[in-house]
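Novice: Structure incoming, see below.
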Amino acid sequence: MNFRQFPCGQTGAALFGLAILTIGPGLISTALAAPARTGVKAGAAKPASVRATAPGAGATGAGAMATALAIRHEAGGKIAKFYQGRGFQPVWVSKGRIGADAQAFLRYLDEAELDGLKPSRYGPDKLREAISQANRGGPEDVATAEVALSSAFARYVRDMRKAGNVGMTYVGKGLAPAKLADDAILRVAALNDFGAYVGGMGWMSPHYLRMRDLLRAAENKGADERTIEVVRLNLERARVLPSAAVRHIVVDAATARLWYYQNGKMVGTMRVVVGAEKTQTPMLAGYINWAIFNPYWNIPDYLTRDNVARKILSGRTLKSMNMEVLSDWSANPQVVDPATIDWRAVQDGKVDLRIRELPGPANSMGKVKYLFPNDEGIYLHDTPNRDLLVKEDRHLSNGCIRLDDAEKLGRWMMGKAFDRHGKGPEQPVVMPAPVPVYLTYLTATATRSGVALLTDVYGRDRR
69 MNFRQFPCGQ TGAALFGLAI LTIGPGLIST ALAAPARTGV KAGAAKPASV
119 RATAPGAGAT GAGAMATALA IRHEAGGKIA KFYQGRGFQP VWVSKGRIGA
169 DAQAFLRYLD EAELDGLKPS RYGPDKLREA ISQANRGGPE DVATAEVALS
219 SAFARYVRDM RKAGNVGMTY VGKGLAPAKL ADDAILRVAA LNDFGAYVGG
269 MGWMSPHYLR MRDLLRAAEN KGADERTIEV VRLNLERARV LPSAAVRHIV
319 VDAATARLWY YQNGKMVGTM RVVVGAEKTQ TPMLAGYINW AIFNPYWNIP
369 DYLTRDNVAR KILSGRTLKS MNMEVLSDWS ANPQVVDPAT IDWRAVQDGK
419 VDLRIRELPG PANSMGKVKY LFPNDEGIYL HDTPNRDLLV KEDRHLSNGC
469 IRLDDAEKLG RWMMGKAFDR HGKGPEQPVV MPAPVPVYLT YLTATATRSG
519 VALLTDVYGR DRR
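Going left to right, the sequence shown walks through residues 69 to 531 as the numbering used here numbers them.
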C-alpha cells in the first residue's frame with residue numbers, strides 16, 4: 069500500500085476502524101433467574117413474604133434474598149433488565165443501609181445547574197425521603213429507594229452526556245457522545261467500584277470535572293458575567309470528551325498540552341506545540357490508525373512560496389535544505405531537477421510545486437508521525453526543534469501537533485517497544501487498535517485567587 073504524506077492544512081486520508089467493547093451480564097442467582105416483571109410502578113403492593121421481613125434487611129442471608137425479591141418486584145423496563153443481569157442485588161446498599169454513595173449523588177443533583185440541568189427533574193427531595201424510609205423500614209422500602217436512585221442516576225448521566233454543537237468535527241463512528249440506555253449506564257457504573265465511580269463522576273471526562281469546579285468557583289467568588297459565560301462554554305467543550313475509562317488522547321490547543329487515558333486513569337501528559345493564530349489546530353476527533361516512521365514532510369504551499377523560494381533566490385540549494393521537488397501528488401511521483409524551476413514565479417504564487425523534506429535528524433516530522441483521517445491534514449508528530457517545547461507560548465506550528473515525547477506516546481499506543489521498522493523512508497506500522505484522539509480548546513484555568521481566562525489565541529471564545 070502506498071501512503072501519501074499530507075502537510076498540515078491539506079487534505080489527507082487513511083484507513084480507520086472502531087474497537088467495540090461489550091459488557092457481559094453478571095451471574096444470575098438460581099432463585100431469581102426467571103424474567104423480571106416490567107412496567108411495575110413504584111409503590112405497587114409487595115409480596116407478603118417481602119413485607120414481613122424485618123427492618124434493615126438487605127445485607128446477608130434471608131435479608132438479602134428478601135431485598136432482591138423486592139427489587140425484582142419494584143423494577144421495570146431497562147432498569148429491571150440491569151438488575152436481572154446481577155441477580156437483583158442492590159448497588160446503592162452497603163451493610164443493609166443506603167448511605168455514602170447515594171449522598172454523593174444527591175450532592176451532584178443539588179448543584180445540577182452547574183451542568184446546565186434542573187435539579188427538580190431528578191426529584192432529590194423525594195429521593196431523600198425514600199432513603200430515610202429505607203434505612204428505617206423493610207426490604208420493600210429498600211427496593212423502592214434503590215430503584216428510584218438508579219432511575220434518577222440513569223436520567224442524570226444521560227442528560228449530562230447530551231452535547232450540543234461546540235465546533236467539534238467527528239471523523240469516525242463512536243466518537244461523539246452517544247445516547248445511552250438506562251441498563252447500559254448502570255452496567256458501566258457497577259462494572260468496577262460503584263462508589264468510586266459515582267463519587268468521582270466517572271462517566272464524564274476529567275476535563276469536564278475540572279471545568280465544573282472552575283464554574284463553581286467562579287460563581288462562588290462572584291466573577292463577572294463574561295468570565296462565567298466563557299467558563300460555561302469551556303464546560304460544554306469538555307462535555308463532548310470521553311471519560312477516563314475510555315482509552316483515548318486529548319490535546320488542548322489553548323494550553324498546548326496533551327493527556328492520555330486508560331482504565332479510568334490518566335496514563336501520561338506532555339507539552340506539545342500547536343497551531344499558530346493564522347494556522348490554527350482545529351477542534352477535531354478521530355482515530356489514530358498508523359505510525360509512519362522516517363517520514364517525509366510535504367512543505368505547505370505558503371512555505372514553499374514565502375520561505376523555500378526566497379531562500380533559493382538568495383543562493384541556497386534544495387540539497388542543502390535536504391529537500392526535493394516532485395512532479396505531482398501521485399503515489400509514485402518523479403523527482404524534478406530544481407534547475408528547471410522558475411523560482412521567481414513560485415515566489416510570486418504563479419507556480420505551485422510539491423516539495424518535500426527528506427527523512428533525517430533535521431526533518432520537521434522527527435522520527436515518526438501518527439496519522440488519523442481528517443480533511444484538514446492534521447496529525448501528531450515528533451520534532452527535532454526541542455527549543456519550541458520549552459516556550460511558555462507554544463502556538464507555533466502549521467496546525468499539526470508536535471510532541472514532546474513521541475516515543476513514549478507511541479509505546480503506549482502500540483503496547484510494545486517503539487519500533488522504527490527499518491531505515492527506509494515512510495515505514496508504515498498499523499496500530500494494534502485504533503486510538504481515539506480529541507483536539508479541543510479549553511481557555512479557563514485555576515489560579516490562587518480563583519479563576520482566570522487564558523489568552524484566546526484563536527478567537528473562539530468571542531464567537
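Every residue, glycine too, gets a C-beta built ideally from N, C-alpha and C.
Tell me Gly336's beta-bridge partners as DSSP assigns them.
Specialist: Your numbering for residue 336 matches position 268 in the sequence shown. As computed with DSSP, Gly336 is found in a beta bridge with Tyr328.
Novice: Measure the C-alpha to C-alpha separation of Gln157 and Ala134 and round it to an integer number of angstroms.
Specialist: Numbered from its first residue, the sequence shown carries residue 157 at position 89. Numbered from its first residue, the sequence shown carries residue 134 at position 66. Going by the C-alpha atoms only, they are around 10 Å apart.
Novice: Using the three-state DSSP reduction, which class does Leu177 fall into: helix, strand or coil?
Specialist: Taking the sequence shown and counting its residues from 1, one reaches residue 177 at position 109. Note: Leu177 maps to helix in three-state DSSP.
Novice: Look at the alpha carbon of Gly167 and the alpha carbon of Glu179, and state the distance between them as a whole number of angstroms.
Specialist: Sequence index remark: in the sequence shown, residue 167 carries index 99 (1-based). Sequence index remark: in the sequence shown, residue 179 carries index 111 (1-based). So the alpha carbons of these two residues sit roughly 19 Å apart.
Novice: Applying the criterion that 16 or more other CB atoms from any shown protein chain within 10 Å of the CB defines a buried residue, is Asn453 buried or exposed?
Specialist: Locating residue 453 in the sequence shown gives position 385, counting from the first residue. Classification of Asn453: exposed, given that the 10 Å Cβ count is below 16.
Novice: Would Ala584 pass as a contact of Pro207 if the rule is Cβ separation under 8 Å?
Specialist: Lying outside 69 to 531, the shown extent of the chain, residue 584 is not represented and no answer is given.
Novice: Can you tell which of Ile446, Arg278, Thr515 has its C-alpha closest to the C-alpha of Pro368?
Specialist: Taking the sequence shown and counting its residues from 1, the one referred to as residue 368 is at position 300. Here the closest residue by C-alpha is Ile446.
Novice: Roughly how many angstroms separate the alpha carbons of Leu254 and Met269, rounded to a whole number?
Specialist: Taking the first residue of the sequence shown as position 1, residue 254 is located at position 186. Taking the first residue of the sequence shown as position 1, residue 269 is located at position 201. About 13 Å.
Novice: In the DSSP assignment, find the alpha helix (DSSP H) that holds Ala306 and state where it starts and stops.
Specialist: Taking the sequence shown and counting its residues from 1, the one referred to as residue 306 is at position 238. Under the DSSP assignment, Ala306 falls in the alpha helix (DSSP H) whose first and last residues are 293 to 307.
Novice: So, is Pro310 buried or exposed, given that buried needs 16 or more other C-beta atoms within 10 angstroms?
Specialist: The residue labelled residue 310 in the question sits at position 242 within the sequence shown. The residue in question, Pro310, is buried, as its Cβ has 16 or more Cβ neighbours within 10 Å.
Novice: Are at least three pairs of beta-carbons, each pair with one atom in the segment 403 to 421 and one in the segment 369 to 389, less than 8 Å apart?
Specialist: yes
Novice: Can you give me the start and stop residues for the beta strand (DSSP E) that Val436 sits inside?
Specialist: As a position in the sequence shown, residue 436 is number 368, starting the count at 1. Segment 436 to 439, the beta strand (DSSP E) holding Val436.
Novice: Nearest CA to the CA of Leu243: which residue from Asp169, Gln201, Leu352?
Specialist: By 1-based counting over the sequence shown, the position of residue 243 is 175. Minimum Cα distance to Leu243 is reached at Leu352.
Novice: Leaving out the 5 sequence neighbours to the left and right, which residues in its chain are closer than 6 Å to Ala377 when beta-carbon positions are compared?
Specialist: Taking the sequence shown and counting its residues from 1, the one referred to as residue 377 is at position 309. Non-local C-beta neighbours of Ala377 in its own chain, meaning closer than 6 Å and more than five positions away in sequence, comprise Trp411, Val414, Gln415, ordered along the chain.
Novice: May I have the straight-line CA-CA distance separating Ala216 from Val161, to the nearest angstrom?
Specialist: As a working mapping, residue 216 is identified with position 148 in the sequence shown. As a working mapping, residue 161 is identified with position 93 in the sequence shown. Spanning the two alpha carbons is a distance of roughly 13 Å.
Novice: Based on the DSSP secondary-structure assignment, which residues constitute the bridge partners of Pro368?
Specialist: Counted from its first residue, the sequence shown places residue 368 at position 300. Beta-bridge pairing links Pro368 to no other residue.
Novice: Less than 8 Å between the beta carbons of Ile360 and Gln495, yes or no?
Specialist: As a position in the sequence shown, residue 360 is number 292, starting the count at 1. As a position in the sequence shown, residue 495 is number 427, starting the count at 1. Yes; because the gap between Cβ atoms is below 8 Å, this pair is in contact.
Novice: Would you grab the beta carbon distance between Lys146 and Asp250 for me? Rounded to a whole angstrom, and I think it's under 8 Å.
Specialist: In the sequence shown, residue 146 corresponds to position 78, counting from 1. In the sequence shown, residue 250 corresponds to position 182, counting from 1. That belief holds up - the Cβ atoms of Lys146 and Asp250 are roughly 4 Å apart, short of 8 Å.
Novice: Who does Gln495 pair with in a DSSP beta bridge?
Specialist: Taking the sequence shown and counting its residues from 1, one reaches residue 495 at position 427. Gln495 pairs with Phe361.
Novice: Could you tell me the alpha carbon to alpha carbon distance between Met334 and Ile317, rounded to whole angstroms?
Specialist: Along the sequence shown, read from residue 1 onward, the residue named residue 334 stands at position 266. Along the sequence shown, read from residue 1 onward, the residue named residue 317 stands at position 249. Rounded to the nearest angstrom, the two C-alpha atoms are 10 Å apart.
Novice: Roughly how many angstroms separate the alpha carbons of Ala257 and Ser188, rounded to a whole number?
Specialist: For the purposes of this step, residue 257 is identified with residue 189 of the sequence shown, where counting begins at 1. For the purposes of this step, residue 188 is identified with residue 120 of the sequence shown, where counting begins at 1. Their Cα atoms are separated by approximately 23 Å.
Novice: Starting from the Cα of Thr347, find the closest Cα among Ser465, Thr323, Gly184 and give me that residue.
Specialist: The sequence position of residue 347 within the sequence shown is 279, counting from 1. Nearest option by C-alpha distance: Ser465.
Novice: Output the distance between the C-alpha atoms of Ala512 and Val419, rounded to the nearest integer angstrom.
Specialist: What you label residue 512 is simply residue 444 of the sequence shown in a count that begins at 1. What you label residue 419 is simply residue 351 of the sequence shown in a count that begins at 1. When rounded, the distance between both Cα atoms is 44 Å.
Novice: Hey, which unbroken runs of the alpha helix (DSSP H) at 4 residues or more fall wholly within the segment 396 to 479?
Specialist: 411 to 415
Novice: Run through the DSSP bridge pairs and tell me what Asp320 is partnered with.
Specialist: On the sequence shown, residue 320 is found 252 positions in, with the first residue counted as 1. According to DSSP, Asp320 bridges with Arg325, Thr508.
Novice: Quick one, which of His141, Pro427, Gly467, Glu392 has its alpha-carbon nearest Asp443's?
Specialist: One-based indexing of the sequence shown puts residue 443 at position 375. Asp443 has its Cα closest to that of Gly467, out of His141, Pro427, Gly467, Glu392.
Novice: Please report how far the alpha carbon of Asp472 lies from the alpha carbon of Leu457, in whole angstroms.
Specialist: Numbered from 1 along the sequence shown, position 404 holds the residue referred to as residue 472. Numbered from 1 along the sequence shown, position 389 holds the residue referred to as residue 457. Using only the alpha carbons, I get a separation of about 7 Å.
Novice: Buried or exposed for Trp365, please, with buried defined as at least 16 other CB atoms from any protein chain shown within 10 angstroms of its CB.
Specialist: For the purposes of this step, residue 365 is identified with residue 297 of the sequence shown, where counting begins at 1. Trp365 is buried by the Cβ-count criterion.
Novice: What are the start and end residues of the beta strand (DSSP E) that includes Val13?
Specialist: The chain is shown only over 69 to 531; residue 13 falls outside these bounds and no answer can be derived.
Novice: On the DSSP bridge list, what partners appear for Ala514?
Specialist: Along the sequence shown, one-based indexing puts residue 514 at 446. Partner(s): Val519.
Novice: For Gly111 and Ser219, what's the separation of their Cα atoms in angstroms?
Specialist: Sequence index remark: in the sequence shown, residue 111 carries index 43 (1-based). Sequence index remark: in the sequence shown, residue 219 carries index 151 (1-based). Caution applies to Gly111, whose pLDDT of 40 falls short of 50 and renders its modelled position unreliable; the value that the coordinates give is listed next. Near 15 Å, if we compare the C-alpha coordinates of Ser219 and Gly111.
Novice: Buried or exposed, going by whether 16 or more other CB atoms sit within 10 Å of the CB of Val225?
Specialist: Walking along the sequence shown from the start, residue 225 turns up at place 157. Classification for Val225: buried.
Novice: Do Val497 and Tyr355 have their CB atoms nearer than 8 Å?
Specialist: The residue labelled residue 497 in the question sits at position 429 within the sequence shown. The residue labelled residue 355 in the question sits at position 287 within the sequence shown. For Val497 and Tyr355, no; Cβs fall outside 8 Å.
Novice: From Thr212 to Met279, what does the alpha carbon distance come to, in whole angstroms?
Specialist: Translated into the one-based positions of the sequence shown, residue 212 becomes position 144. Translated into the one-based positions of the sequence shown, residue 279 becomes position 211. Whole-angstrom Cα-Cα distance: 34 Å.
Novice: Tell me, to the nearest whole angstrom, how far the beta carbon of Leu248 is from that of Arg229; I am working on the premise that it is less than 8 Å.
Specialist: For this step, residue 248 is matched to residue 180 along the sequence shown. For this step, residue 229 is matched to residue 161 along the sequence shown. Going by Cβ atoms, the distance from Leu248 to Arg229 rounds to 7 Å, so yes, they are a contact pair.
Novice: Using the rule of at least 16 other Cβ atoms within 10 Å of the residue's Cβ for burial, across every protein chain shown, is Asp261 buried or exposed?
Specialist: As a working mapping, residue 261 is identified with position 193 in the sequence shown. Counting Cβ neighbours within 10 Å, Asp261 comes out exposed, since fewer than 16 surround it.
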